[in-house]
C-alpha cells in the first residue's frame, strides 16, 4: 500500500510538471497580441517587405490553422511593391533540384505536434485529478516520507529541465537540430534563409521561450509551495489525530 502511495505521488508530480509546461507554452504561442508585439519589435514586416497589417493577417491565419480552426494554409499576402504571393510555399533548392522545401508539409507536422501535446495535457489532467482524489481520500495513510518522494520527484524534474536548458543555452544550434530530428523525423525542417515561414517563427521564437519560461517558473514554484503547505497541514492533522487516540 505504501509503495502504491509513492507511485501515486510520483505520477501526481510528473503530471503537474507536464501541465505547468503546457499552460506556460501553449497560451503564449496563441496569444496574438503578444506575437504581434514581438513581430513589431523585431521589425519582421520590414524584413519581409510588407505592411504590419499583412503580416498580422498571415499570423492570424497561421494560428487559426495550428489551433485547428482552419484546415487551409494557402493564402496570399501583398508586398509593399504591390505584388502578391503565397506566404507559404513549396520550392526547389537552387543547387540540388531534387531537394524540395515543402513548408505546407512542415506546418502540417507542427499542427499534428500541437494536437499530440493537447492530448498529452488532457491525459495529464485526468491522471493528476485521479491521483489528487486518491491522495485526499487516503490522507490518513500519508506520511512525511511520502512527501519526501514528491520533493525528490520535483527535484529530479527540475534538474532535468535545467540540464536541457543549459544544453540549449550553450549550444543552441545543436539543441535546435536534435529537437527537430526527434519531433520531425522525416527531415522536412530545414528551409532557405529567404523563407517567409522561417523569418516569422525565428522572430517569434526567443520571445515565446522567454515569456513561457517565466510563466513556467511561477506555476512550478506555486506547485512546490502548495505541496509543502499540504504536507504540513496533513502531517499536523495526523499528529492531532494520533494524540486524541
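Numbering (our numbering), first residue to last: 19 to 263.
Ideal placement from N, C-alpha and C gives every residue a C-beta, glycine not left out.
All values derive from a computational prediction rather than experimental measurement.
Quiz item: Roughly how many angstroms separate the alpha carbons of residue 196 and residue 133, rounded to a whole number?
Solution: Taking the first residue of the chain shown as position 1, residue 196 is located at position 178. Taking the first residue of the chain shown as position 1, residue 133 is located at position 115. Each residue's CA atom was taken as its position, placing residue 196 and residue 133 some 21 Å apart.
Practice problem: Taking the CB atoms as reference points, tell me whether residue 231 and residue 139 lie closer together than 8 Å. | Solution: In the chain shown, the residue the question calls residue 231 occupies position 213. In the chain shown, the residue the question calls residue 139 occupies position 121. Taking 8 Å as the Cβ cut-off, residue 231 and residue 139 do not qualify as a contacting pair.
Quiz item: Given residue 79, which residues of its chain have a CB within under 6 Å of its CB, disregarding the five upstream and five downstream residues?
Solution: Taking the first residue of the chain shown as position 1, residue 79 is located at position 61. These residues qualify, in order along the chain: 93.
Quiz prompt | For residue 33 and residue 149, believed in contact at Cβ under 8 Å, the rounded distance | solution = Reading the chain shown from its first residue, position 131 is the one you call residue 149. Reading the chain shown from its first residue, position 15 is the one you call residue 33. About 7 Å separates the two Cβ atoms, so the contact holds.
Self-check item: Helix, strand or coil at residue 133 [DSSP, three-state]
Solution: Translated into positions along the chain shown, residue 133 becomes position 115. Residue 133 falls in the helix class under three-state DSSP.
Exercise. Return the residue from the list 22, 35, 26 that minimises the CA-CA distance to residue 236.
Key: Residue 236 sits at position 218 when you count from the first residue of the chain shown. Looking at the Cα atoms, 35 is the closest of the given residues.
Practice problem: Indicate whether residue 77 and residue 63 have their beta-carbon atoms separated by less than 8 Å. | Solution: The residue labelled residue 77 in the question sits at position 59 within the chain shown. The residue labelled residue 63 in the question sits at position 45 within the chain shown. Result no, Cβ atoms of residue 77 and residue 63 do not sit closer than 8 Å.
Quiz prompt | residue 224 beta carbon less than 8 Å from that of residue 215 | solution = Position 197 of the chain shown, counting from 1, holds the residue named residue 215. Position 206 of the chain shown, counting from 1, holds the residue named residue 224. No.
Practice problem: Could you tell me the distance, in whole angstroms, from the CA atom of residue 151 to the CA atom of residue 136? | Solution: On the chain shown, residue 151 is found 133 positions in, with the first residue counted as 1. On the chain shown, residue 136 is found 118 positions in, with the first residue counted as 1. The alpha-carbon atoms of residue 151 and residue 136 are separated by roughly 23 Å.
Quiz item: Sorted by chain position, which residues of the same chain lie with C-beta nearer than 7 Å to residue 350's C-beta, five sequence neighbours on each side aside?
Solution: The chain is shown only over 19 to 263; residue 350 falls outside these bounds and no answer can be derived.
Quiz item: For residue 96, which beta-bridge partners are listed by DSSP?
Solution: Numbered from its first residue, the chain shown carries residue 96 at position 78. The partner list for residue 96 (beta bridge, DSSP) reads 102.
Quiz item: Could you give the distance in angstroms between the alpha-carbon of residue 189 and the alpha-carbon of residue 44?
Solution: As a position in the chain shown, residue 189 is number 171, starting the count at 1. As a position in the chain shown, residue 44 is number 26, starting the count at 1. Our two residues, residue 189 and residue 44, have alpha carbons roughly 24 Å apart in a direct line.
Quiz item: Looking only at C-alpha atoms, which of 144, 129, 182 sits nearest to residue 29?
Solution: The residue labelled residue 29 in the question sits at position 11 within the chain shown. Answer by Cα proximity: 144.
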